[in-house]
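Presented below is the structure to which this report refers.
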Amino acid sequence: MSSHFDIIIIGGGVNGASIAMALSQRSGANIGLFDRGGLGSGATGRSGAMIREHYLNSELVRMASDAKKFFEDWQANRDYDLKFRKTGRVLLFDQSDADAAIKNAEMNKSEGVNIEVLDKKTTSEILGEVCLDDIEVILYEPDAGYADSLRTTYAFAKEAQKNGTTIHTHTSVERILTKSDRVCGIDTSVGKFEAEKIINVSGPWVNKLLSPLGESLPVTPIRVQMVGLRRPPHMEHLEQIVVDHTSGAYFRTDGTPFTLVGGESEEDLREIVDPDSFGLNADHDFITRYWSRAINRFPSFKDATCRGGYGSLYDMTPDSNPILDKSSKIEGLYNVTGFSGHGFKLSPVIGEMVADMVMGTNHSRHDNNIFRESRFANGSGITAKYPYLKRAHQ
Ligand SMILES: Cc1cc2nc3c(=O)[nH]c(=O)nc-3n(C[C@H](O)[C@H](O)[C@H](O)COP(=O)(O)OP(=O)(O)OC[C@H]3O[C@@H](n4cnc5c(N)ncnc54)[C@H](O)[C@@H]3O)c2cc1C
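Numbered as in the working numbering, the sequence shown ends at 391 without a single skipped number.
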């Protein structure tokens, strides 16, 4: 077993795997990817894994569009199925967000996104029985859908492996090792490994590895929850993703009569936890609140069977966007974290962007600079021209 790598990646979630794939395709570097669990055992394995282009910032729209194209190309040209399925995605807004929704749809369209404004009649034809009394604006992204987050992570890791990357799962990185303010390796549960460059893609755990080095990023581990509802036979047709901006609930199906209901209202994005010890099952209170939000929008959910739910983590930053940056303290260390609940779909593009950052190349058309950590200190966080008032997390 080699104990020396040119580049070590800490974290085998979808972003760590994507970075390994991109770097191994582009460079002859000897890469080691480490995860303390299995691949995708962090947020990735519990992700909704929805793929959409609608964003409120044009750079993010372009990133999401390129990522969606990557998933389309993969599905069309490769044998290994990432289970990318286009279901369409319906977004519901009440009066308070109506103007912003229209303006954001126009901006998205100008970037080439297939997005349209629907009337209520068409929406009811698409969704079946749905209560739209309080809804002012409905947007529809027909090309949006979801993929399988674990299959995607394994596929990326396999590509990296084909290009020589060594993967160490169930290997905990205990410490990043430095010499004269430069990285020189890692200490793990199975011993030490040397490297000239280290990419820390450990999601909500990022500060656990950084704090012994005197570094800390504005990344907060927030517990989020999902509820599983088995739809009754008269709702089996409901395949579309629906995002209810009035209540913070979103609905994601998986090709079976099962809907995952996620919760992103402001009050549900406040539970700061220790990523090593948080509630993995959904709380009863959360389940009843979101089941009743589901019934308010789709009355037939009253006939659903609840199959419980689960808890997971967002690695939140103050502007809900990731950090892709060199360490401010340690030479050779790169931090890629803070995906704030929307990092699955972006992962193919993140891999390319981080490969550029680490190799000093310029292949990606996307700019790493807007994701620098310094944006939080100098007040240049990533903003939306037309934010949604009812749902700050976008
Ligand atoms: C409920 C939920 C729904 C979501 N829905 C969507 C969605 O629909 N669309 C979307 O785009 N995004 C979604 N996301 C967000 C998306 O899943 C994440 O942004 C993405 O998976 C993050 O991937 P990552 O590789 O950056 O981090 P993670 O998947 O968290 O991976 C970090 C890895 O680092 C490892 N690690 C940590 N510390 C160490 C250590 N010391 N040693 C070794 N390994 C270590 C962990 O084991 C983990 O596997 C959702 C997230 C959640 C929780």
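Beta carbons: idealized from backbone N, C-alpha and C, even for Gly.
CB of residue i within 8 Å of CB of residue j, strictly
i, j, result
"Val240", "Ala279", "no"
"Leu355", "Ile196", "A quick correction: the sequence has Val, not Leu, at residue 355. Their beta carbons are under 8 Å apart, which means Val355 touches Ile196 by this criterion."
"Thr250", "Glu236", "yes"
"Gly329", "Glu171", "no"
"Arg227", "Ala154", "no"
"Ala98", "Val134", "yes"
"Lys387", "His242", "yes"
"Arg290", "Ala352", "no"
"Asp70", "Pro201", "no"
"Ala102", "Val114", "yes"
"Leu266", "Ile320", "no"
"Ile292", "Phe298", "yes"
"Arg43", "Tyr307", "yes"
"Ile28", "Leu36", "no"
"Glu138", "Val58", "no"
"Glu370", "Leu214", "yes"
"Phe31", "Thr185", "yes"
"Ala64", "Lys342", "yes"
"Lys176", "Ser0", "no"
"Leu89", "Ile48", "no"
"Val110", "Thr120", "no"
"Tyr383", "Leu53", "yes"
Delimiting residues of the alpha helix (DSSP H) encompassing residue i
i, result
"Asp96", "Gln92 to Ser107"
"Gly13", "Val11 to Arg23"
"Gly340", "Gly340 to Met356"
"His281", "His281 to Arg294"
"Ser122", "According to the sequence shown, residue 122 is Glu rather than Ser. Where Glu122 is concerned, the enclosing alpha helix (DSSP H) stretches over Lys117 to Leu124."
"Asn74", "Ser55 to Asn74"
"Ala46", "Looking at the DSSP string, Ala46 is not in any alpha helix (DSSP H), and its letter there is neither H nor E."
"Arg372", "Ser371 to Ala374"
Counterpart residues of residue i in DSSP-defined beta bridges
i, result
"Leu394", "Past the boundaries of the shown model lies residue 394; the chain is included only from -2 to 391, so the question cannot be answered."
"Met223", "Gly259 and Tyr307"
"Glu113", "Tyr137"
"Ile5", "Gly29 and Ile195"
"Phe248", "Val239 and Val258"
"Glu212", "Glu212 pairs with nothing; no bridge assigned."
"Arg228", "Paired residues: none, contrary to the question."
"Thr217", "Met313"
"Lys83", "Gly142"
"Ile269", "Ile219"
"Ser274", "Asp271"
Buried or exposed (CB count within 10 angstroms, at least 16 for buried), residue i
i, result
"Glu122", "exposed"
"Glu233", "exposed"
"His281", "exposed"
"His51", "buried"
"Ala73", "exposed"
"Gln222", "buried"
"Val187", "exposed"
"Pro209", "exposed"
"Ser146", "buried"
"His231", "exposed"
"Pro296", "exposed"
"Ala14", "buried"
"Tyr77", "exposed"
"Lys159", "exposed"
"Asp322", "buried"
"Ser274", "exposed"
"Arg372", "buried"
"Leu277", "exposed"
"Ile269", "exposed"
"Ala8", "The residue you asked about is not Ala; residue 8 is Gly in the sequence shown. Buried, since its Cβ has 16 or more Cβ neighbours within 10 Å."
"Ala374", "exposed"
"Gly211", "exposed"
"Thr41", "buried"
N- and C-terminal bounds of the beta strand (DSSP E) containing residue i
i, result
"Met313", "Thr302 to Met313"
"Lys323", "Ile320 to Lys323"
"Val333", "Leu330 to Thr334"
is_contact[residue i, chain D] using C-beta, thresh 8 Å
i, result
"Gln158", "Chain labels in this structure do not include chain D; a single protein chain is all it has."
Write down every uninterrupted run of the beta strand (DSSP E) in the stretch 136 to 203 whose length is 3 residues or greater and which is fully enclosed by it, in chain order.
DSSP runs (the beta strand (DSSP E)) wholly in the stretch 136 to 203: 163 to 165, 170 to 176, 179 to 185 and 188 to 197.
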